[in-house]
Amino acid sequence: MAVKIDKKIKGYSVITADDKAREAAAKAPVAQARDDAQDSNIVHMHERIERPDVLIGSTYKIKSPLVEHAFYVTINDIVLNAGTEHELRRPFEIFINSKSMEHFQWIVALTRIMSAVFRKGGDVTFIVDEMKAVFDPKGGYFKAGGVYMPSLVAELGSIVEDHMKSIGLLHDPEMSAHQRALIAEKRKQFEERSKKNTDAVTAAPAKREEDVEVTGEGTSFPPSATMCHKCSTKALVIMDGCQTCLNCGYSKCG
884 MAVKIDKKIK GYSVITADDK AREAAAKAPV AQARDDAQDS NIVHMHERIE RPDVLIGSTY
944 KIKSPLVEHA FYVTINDIVL NAGTEHELRR PFEIFINSKS MEHFQWIVAL TRIMSAVFRK
1004 GGDVTFIVDE MKAVFDPKGG YFKAGGVYMP SLVAELGSIV EDHMKSIGLL HDPEMSAHQR
1064 ALIAEKRKQF EERSKKNTDA VTAAPAKREE DVEVTGEGTS FPPSATMCHK CSTKALVIMD
1124 GCQTCLNCGY SKCG
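Right, here's the structure in full:
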């Protein structure tokens, strides 16, 4: 592109690669200082952050056959760097309320420790795996949808996991299109086989309510299904002599 010169030329010099390198080196500290100033304005979660007057919260219900009354779990979140590109929502405190006083002491202790971990900052997602690995020596139970819970603490950990997923701290591993198609095909094959067996018993079969069990996500599995050790859901059926999970696609035959 042509450049028109309006002033008298008093001198000139050729800019070499070394000159460009020296100029870039001189600008680097300025750019670094600017980046450091921007980073210093980012608020990270730590235990010195004071509790705001208002927090955003969500309440979840636990209805376990191990206790007479339901548990209501409230998790409050704090929003850091609100209105900026670094905005982040983090759990700040947790409360559990119930009419049942049988577990009052350990529930109060657990919620205080969990709240302290949340306010400590850093990666707090580890608490999910630790809680879900707690097993009740008297045995666990199946919650609605056929998902096995080894203990009350494990279900509490599952709720914390769901909450962290909802605010973006945890992410579900996405199924591939091939895996989703395979699960849909297996479900269709099982339903067709079940329909043929029903037709063989009666010429005009009526759909019975007890023929399916509906999960919280609206997915139905046969009541004869057993628990899948991979996804802990009662969705494992025998198809062509092989155990196949209609929920996650796991197959014992590979």
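With our numbering applied, the sequence shown has no gaps in its numbers, which climb one by one up to 1137 at the end.
Ideal Cβ placement from N, Cα and C applies to all residues, glycine included.
Quick caveat: nothing in here was measured; it's all calculated off a predicted structure.
* Given that a residue counts as buried once 16 or more other Cβ atoms are within 10 Å of its Cβ, and exposed if not, what is F1001? -> As a position in the sequence shown, residue 1001 is number 118, starting the count at 1. Buried, by the Cβ-count rule.
* Candidates F1018, N1130, H986, S1115, of which the one nearest L1065 by Cα -> In the sequence shown, residue 1065 corresponds to position 182, counting from 1. Closest option to L1065, Cα to Cα, is N1130.
* Asked: Nearest CA to the CA of V950: which residue from K1071, S1107, L1035?
  -> Taking the first residue of the sequence shown as 1, we reach residue 950 at position 67. The option with the nearest alpha carbon to V950 is L1035.
* **Euclidean distance between Cα positions of G1022 and T994** => Here residue 1022 refers to the residue found at position 139 when the sequence shown is read from its first residue. Here residue 994 refers to the residue found at position 111 when the sequence shown is read from its first residue. When rounded, the distance between both Cα atoms is 23 Å.
* To do: With DSSP as the reference, label S947 as helix, strand or coil.
  => Working through the sequence shown from its first residue, we reach residue 947 at position 64. In the structure shown, S947 sits in coil (DSSP, three-state: anything other than H, G, I, E or B).
* Asked: Do Y1024 and P948 come within 8 Å of each other at the CB atom, strictly closer than that value?
  -> On the sequence shown, residue 948 is found 65 positions in, with the first residue counted as 1. On the sequence shown, residue 1024 is found 141 positions in, with the first residue counted as 1. A contact, by the Cβ cut-off of 8 Å.
* **Collapsed DSSP secondary structure at L1129 in the structure displayed** => The residue given as residue 1129 occupies position 246 in the sequence shown. DSSP places L1129 in coil when its eight states are reduced to three.
* Asked: How big is the Cα-Cα spacing for R973 and L1052?
  -> On the sequence shown, residue 973 is found 90 positions in, with the first residue counted as 1. On the sequence shown, residue 1052 is found 169 positions in, with the first residue counted as 1. One C-alpha to the other measures close to 8 Å.
* Asked: Between which two residues does the alpha helix (DSSP H) harbouring K1026 extend?
  -> The sequence position of residue 1026 within the sequence shown is 143, counting from 1. No alpha helix (DSSP H) contains K1026, which is instead part of the beta strand (DSSP E) from 1024 to 1026.
* To do: Within the same chain, show all residues whose beta-carbon is closer than 6 Å to that of A1087, passing over the 5 residues directly before and after it, in chain order.
  => For the purposes of this step, residue 1087 is identified with residue 204 of the sequence shown, where counting begins at 1. Bear in mind that a pLDDT of 48 at A1087, under 50, signals an unreliable position, so the number given afterwards is only what the model happens to contain. Cβ within range, chain order: n/a, list empty.
* Cβ shell of I990 (< 6 Å), same chain only, five flanking positions each side left out -> The count along the sequence shown starts at 1 and reaches residue 990 at position 107. Excluding residues within five positions, the ones whose Cβ falls inside 6 Å are I979.
* Any idea what DSSP makes of F1009, helix, strand or coil? -> On the sequence shown, position 126 is the one that residue 1009 refers to. Helix at F1009.
* Asked: When the Cα atoms are used, what is the spatial distance from G1132 to G1004?
  -> Counting from 1 along the sequence shown, the entry for residue 1132 is found at position 249. Counting from 1 along the sequence shown, the entry for residue 1004 is found at position 121. Approximately 37 Å between the Cα atoms of the pair.
* Following the continuous beta strand (DSSP E) through A1037, name the residue where it begins and the one where it ends. => Position 154 of the sequence shown, counted from the first residue, corresponds to residue 1037. Here A1037 belongs to no beta strand (DSSP E); instead the alpha helix (DSSP H) covers 1035 to 1049.
* Asked: Of the residues V1011, A953, E906, which one's Cα is nearest the Cα of D1045?
  -> On the sequence shown, residue 1045 is found 162 positions in, with the first residue counted as 1. If we check each option's Cα against that of D1045, V1011 comes out closest.
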